[in-house]
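For the protein sequence lines, the chains are A and B, in the order given.
Going by full-length UniProt numbering, the first sequence opens with residue 1, and the numbers climb by one from there.
Going by full-length UniProt numbering, the second sequence opens with residue 1, and the numbers climb by one from there.
Quick notes on the structure that follows.
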Amino acid sequence: MSNDGPLGEFGPLSLHVPEPAVRHGGEPDFSNVNIPEAGSVRRPEVDANPEDFRDLAFSIIRVLTREGEAVGPWAGMLTDEQLVEGLRHMMTLRTFDARMQIAQRQGKTSFYMQHLGEEAVSCAFRKALAPGDMNFPTYRQAGLLIADDYPMVEMMCQIYSNERDPLKGRQLPIMYSSKEHGFFSISGNLATQYIQAVGWAMASAIKNDSKIAAAWIGDGSTAESDFHASLVFASTYKAPVVLNIVNNQWAISTFQGIARGGSGTFAARGLGFGIPALRVDGNDYLAVYAVAKWAIERARRNLGPTLVEYVTYRVGAHSTSDDPSAYRPKTESDAWPLGDPVMRLKNHLILRGAWTEERHKQTEAEILDTVIAAQKEAEGHGTLHAGGKPSARDMFEGVYETMPPHLRRQRQQAGV
Amino acid sequence: MARKTMIEAIRDAMDITMERDDDVVVFGEDVGFFGGVFRCTQGLQAKYGKTRCFDAPISEAGIVGAAIGMAAYGLKPCVEIQFADYVYPAYDQIVSEAARLRYRSNGGFTCPIVIRMPTGGGIFGGQTHSQSPEALFTHVSGLKVVVPSNPHDAKGLLISAIEDPDPVIFLEPKRLYNGPFDGHHDRPVTPWSKHDLGDVPDGHYTVPLGKAIKRREGKQMTILAYGTMVYVAEAAAEEHGIDAEIIDLRTLLPLDLETIVESVSKTGRCVIIHEATLTSGFGAELAALVQEHCFYKLEAPVARVAGWDTPYPHAQEWDYFPGPARVGRALVETLEG
Numbered sequence: 001m002s003n004d005g006p007l008g009e010f011g012p013l014s015l016h017v018p019e020p021a022v023r024h025g026g027e028p029d030f031s032n033v034n035i036p037e038a039g040s041v042r043r044p045e046v047d048a049n050p051e052d053f054r055d056l057a058f059s060i061i062r063v064l065t066r067e068g069e070a071v072g073p074w075a076g077m078l079t080d081e082q083l084v085e086g087l088r089h090m091m092t093l094r095t096f097d098a099r100m101q102i103a104q105r106q107g108k109t110s111f112y113m114q115h116l117g118e119e120a121v122s123c124a125f126r127k128a129l130a131p132g133d134m135n136f137p138t139y140r141q142a143g144l145l146i147a148d149d150y151p152m153v154e155m156m157c158q159i160y161s162n163e164r165d166p167l168k169g170r171q172l173p174i175m176y177s178s179k180e181h182g183f184f185s186i187s188g189n190l191a192t193q194y195i196q197a198v199g200w201a202m203a204s205a206i207k208n209d210s211k212i213a214a215a216w217i218g219d220g221s222t223a224e225s226d227f228h229a230s231l232v233f234a235s236t237y238k239a240p241v242v243l244n245i246v247n248n249q250w251a252i253s254t255f256q257g258i259a260r261g262g263s264g265t266f267a268a269r270g271l272g273f274g275i276p277a278l279r280v281d282g283n284d285y286l287a288v289y290a291v292a293k294w295a296i297e298r299a300r301r302n303l304g305p306t307l308v309e310y311v312t313y314r315v316g317a318h319s320t321s322d323d324p325s326a327y328r329p330k331t332e333s334d335a336w337p338l339g340d341p342v343m344r345l346k347n348h349l350i351l352r353g354a355w356t357e358e359r360h361k362q363t364e365a366e367i368l369d370t371v372i373a374a375q376k377e378a379e380g381h382g383t384l385h386a387g388g389k390p391s392a393r394d395m396f397e398g399v400y401e402t403m404p405p406h407l408r409r410q411r412q413q414a415g416v
Numbered sequence: 001m002a003r004k005t006m007i008e009a010i011r012d013a014m015d016i017t018m019e020r021d022d023d024v025v026v027f028g029e030d031v032g033f034f035g036g037v038f039r040c041t042q043g044l045q046a047k048y049g050k051t052r053c054f055d056a057p058i059s060e061a062g063i064v065g066a067a068i069g070m071a072a073y074g075l076k077p078c079v080e081i082q083f084a085d086y087v088y089p090a091y092d093q094i095v096s097e098a099a100r101l102r103y104r105s106n107g108g109f110t111c112p113i114v115i116r117m118p119t120g121g122g123i124f125g126g127q128t129h130s131q132s133p134e135a136l137f138t139h140v141s142g143l144k145v146v147v148p149s150n151p152h153d154a155k156g157l158l159i160s161a162i163e164d165p166d167p168v169i170f171l172e173p174k175r176l177y178n179g180p181f182d183g184h185h186d187r188p189v190t191p192w193s194k195h196d197l198g199d200v201p202d203g204h205y206t207v208p209l210g211k212a213i214k215r216r217e218g219k220q221m222t223i224l225a226y227g228t229m230v231y232v233a234e235a236a237a238e239e240h241g242i243d244a245e246i247i248d249l250r251t252l253l254p255l256d257l258e259t260i261v262e263s264v265s266k267t268g269r270c271v272i273i274h275e276a277t278l279t280s281g282f283g284a285e286l287a288a289l290v291q292e293h294c295f296y297k298l299e300a301p302v303a304r305v306a307g308w309d310t311p312y313p314h315a316q317e318w319d320y321f322p323g324p325a326r327v328g329r330a331l332v333e334t335l336e337g
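What follows is the structure, given as structure tokens:
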């Protein structure tokens with residue numbers, strides 16, 4: 001194909017392909033991330049007219065100051081006990097991740113995805129939900145299970161695909177599923193769960209129930225058409241759903257600007273659909289909880305969906321299959337201006353007089369012991385390549401409620 | 001018992017299941033107020049209210065994705081895709097989600113949904129209103145695929161599909177909505193009111209999924225067909241004076257292999273016909289199964305008559321459509337072969 005169009009007064013066209021501010025080998029640069037002061041963003045009434053707070057889609061709701069103080073209209077929602085519990089959840093998730101990451105490196109499973117730096121998002125959100133509500137998570141929200149006291153041994157057995165795997169070895173590691181804990185089966189395909197959450201919420205409204213749904217997606221997969229469909233359906237039917245976008249800056253090696261385009265923020269995507277949108281500091285446990293509570297109440301009061309963008313940073317690799325030093329500066333996570341969620345909550349609790357360095361160290365050790373004990377128990381039931389595993393017969397079960405004749409024949413052929 | 005068109009029979013099935021079970025909801029493009037472009041859902045919104053029968057945005061992925069979420073909640077959605085040709089935006093939701101949900105969650109979540117869609121050609125609908133994509137669904141583990149050929153079966157099969165605990169793709173041959181079309185496009189079509197299979201019992205009844213039916217007993221060969229092709233097969237066999245056993249498969253997945261094997265073992269000859277394109281079509285699966293199970297009874301090669309491997313054309317519709325002339329030639333060759 002030759003560029004044989006007539007050259008007019010505007011000269012030739014050229015394609016714009018966005019690039020991140022800096023790549024590997026360069027100095028980290030977050031000067032383009034505008035961070036408002038903690039406590040500076042107002043808190044609208046839950047039933048306020050969304051037209052009156054469109055600006056919140058372009059700001060960042062923050063509660064914790066650099067010094068660890070909780071300030072502003074979104075502060076003051078959690079007791080010392082609740083905050084200590086939140087800290088324990090995040091520390092547990094971090095320790096769990098570290099152990100499972102090593103287990104993958106030891107060949108005990110095929111694959112793992114950790115949450116490093118993003119623990120506040122799912123741990124705090126879970127505490128704002130009520131029993132019976134349903135999450136439609138991605139692969140980086142295991143805090144929803146940890147903070148709901150789902151047994152770690154079950155999670156590990158799933159990761160190891162062993163004889164006690166609640167999913168019988170049929171799913172990739174970390175693609176958990178638990179109806180009882182309000183955790184919809186993770187697909188692994190991106191964005192498909194977003195519209196399903198909207199459908200679940202519509203069903204709850206059709207049945208005049210009181211339960212609400214929470215949809216989860218990452219910055220990169222908002223580019224999928226399912227995301228657009230979700231916003232249309234949620235907006236049209238005013239579905240009782242919280243539409244969460246976890247913006248951790250990176251979709252594997254692709255910076256968030258490739259999915260976001262020229263819209264400024266992901267939260268702003270909601271505005272064109274008439275969906276109120278909030279943007280929140282995803283590394284601030286108190287802010288995440290306060291915003292989640294607000295959006296969940298809005299859904300529960302039948303006022304419709306809310307879009308929430310959590311601004312955070314993926315400190316680790318996307319999964320055990322990539323090396324971030326090949327696509328972003330090695331020290332970028334240290335330069336991330338919103339800090340570390342565990343450290344920030346810890347400092348806040350110390351400032352409140354509800355926590356000490358000593359208790360923190362003690363808790364770390366306790367949690368490590370608990371996780372190691374769970375791991376031992378799980379490994380007693382086998383790991384991917386050793387010990388007890390699901391039977392080949394299990395492979396043929398559960399495709400349909402009743403096994404049809406062709407699968408029965410194939411199972412016989414397989415000799416199981 | 002009343003004579004009904006296939007449209008009325010399908011509407012009746014939804015009406016009856018909605019009446020019996022509050023968890024059945026129906027939605028899709030133009031489905032609510034207007035009652036669907038083929039009028040299959042006419043009157044359901046007025047009768048059951050707009051939270052149980054409603055219009056959806058033009059978003060097939062959204063329609064199926066939302067239905068999956070509703071099913072996970074505990075509802076039984078029966079959704080309409082306006083034409084099978086428009087189902088592709090929903091394909092990921094069907095293949096990666098609906099079909100696998102029970103399996104991947106070990107039964108923690110299930111997906112009892114029905115996705116209805118008009119299929120097949122014969123109405124000068126060109127590329128976008130004529131396709132027969134059944135093989136794209138029979139290839140997917142976890143789905144059931146149904147193609148009724150008459151009002152009686154359409155109602156009974158749709159009730160079975162809605163009551164089924166797993167996702168069902170329900171393909172409605174649109175050329176059969178108003179009468180049994182035998183491929184003679186230049187002749188008037190007999191309306192269902194003048195055909196025995198237009199007799200639709202009142203009230204609730206089911207035609208089981210996974211069961212084929214013999215439309216005609218015969219000795220000289222077996223014809224495997226479904227949807228519109230059942231009538232083309234009847235016409236072709238009659239015109240050539242061939243004593244064919246015609247099996248209407250009704251459900252493609254799971255398939256009633258027993259009925260097929262029993263028949264081909266008896267006749268020793270088999271012709272498979274479908275509207276969909278030939279290559280990797282469902283006929284290939286049928287031919288493979290017939291040779292695996294009946295090889296030593298076969299007296300002629302298994303023949304396939306199908307749509308040509310081109311996009312569905314407009315002006316050349318009757319050159320494309322596997323009508324009685326093409327089917328007839330295959331029957332004669334198989335008998336002589």
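Ideal placement from N, C-alpha and C gives every residue a C-beta, glycine not left out.
Item	Value
Residues near A/Asp47 by beta carbon distance below 8 Å, same chain, minus five either side	Arg298, Arg301, Leu303
Exposure of B/Lys194, with buried meaning 16 or more beta-carbon neighbours within 10 Å	exposed
Continuous alpha helix (DSSP H) stretch holding residue 381 of chain B: start and end	Look at the range of chain B in this structure, 1 to 337, and you will see that residue 381 of chain B is not part of it.
Proximity test, Cβ basis, 8 Å: A/Leu167 and chain B	yes
Residue closest to A/Pro404, alpha-carbon to alpha-carbon, out of B/Ala154, B/Gly268, B/Leu209	B/Leu209
Sheet register partners of B/Thr222 (DSSP bridge)	B/Glu245, B/Cys270
N-terminal and C-terminal residue of the beta strand (DSSP E) that A/Thr92 is part of	Not the beta strand (DSSP E): A/Thr92 falls in the alpha helix (DSSP H), residues 80 to 105.
Beta-carbon proximity list for A/Gln82, same chain, < 8 Å, skipping 5 on both sides	Lys127
Close Cβ partners of B/Pro254 (< 6 Å) along its chain, the five nearest in sequence each way excluded	Gly210
Proximity below 8 Å, CB of B/Glu275 to CB of B/Gly121	yes
At least 3 beta-carbon pairs within less than 8 Å: the segment 275 to 286 of chain A vs the segment 223 to 230 of chain A	no
Within-8 Å CB hit, A/Pro151 to chain B	no
Between the CA atoms of A/Ser235 and B/Leu289 - distance to the nearest angstrom	49 Å
Residues sharing a beta bridge with B/Phe54, DSSP	B/Phe27
Residues that DSSP places opposite A/Arg140 in a beta bridge	Its beta-bridge partners do not exist; DSSP assigns none.
Rounded distance between the beta-carbons of B/Cys78 and B/Met14, thought under 8 Å	6 Å
As assigned by DSSP and simplified to three states, the class of B/Asp196	helix
Three-way DSSP call (helix, strand, coil) for B/Val37 in this model	coil
Contact list for A/Phe184 against chain B, beta-carbon separation under 7 Å	Ala72, Phe109
Member of A/Glu19, A/Asp149, A/Leu190 whose CA lies at the smallest distance from the CA of A/Trp216	A/Leu190
Short CB-CB distance (under 8 Å) between A/Asn135 and chain B	no
Beta carbon of A/Pro18 nearer than 8 Å to that of A/Ile258	yes
Nearest candidate by alpha-carbon position, reference A/Phe396, set A/Thr383, A/Ala378, A/Gly415, A/Glu379	A/Gly415
Nearest-angstrom Cβ-Cβ length linking B/Cys40 and B/Glu80, presumed shorter than 8 Å	7 Å
Which residues DSSP lists as bridging B/Leu171, in chain order	B/Met117
Rounded straight-line distance, which links the Cα of A/Asn247 to that of A/Phe266	8 Å
Extent of the continuous beta strand (DSSP E) to which B/Glu80 belongs	76 to 80
Under the three-state DSSP convention, the category B/Thr334 falls into	helix
Sub-8 Å separation of A/Ala124 and A/Gly86 beta-carbons	yes
Candidates B/Ser96, B/Pro57, B/Lys174, B/Pro165, of which the one nearest B/Met229 by Cα	B/Lys174
Chain B contacts from the segment 188 to 199 of chain A (Cβ-Cβ distance under 7 Å)	Asn189, Thr192, Ile195, Gln196, Ala197, Val198, Gly199
Segment limits, alpha helix (DSSP H) that includes A/Ile296	285 to 300
Collapsed DSSP secondary structure at A/Asp209 in the structure displayed	coil
Integer-rounded CB distance, given that B/Pro201 should sit under 8 Å from B/Met18	Not confirmed; about 18 Å, so no contact.
Three CB pairs or more closer than 8 Å across the segment 26 to 35 of chain B and the segment 214 to 222 of chain B	no
Under the three-state DSSP convention, the category A/Ser333 falls into	helix
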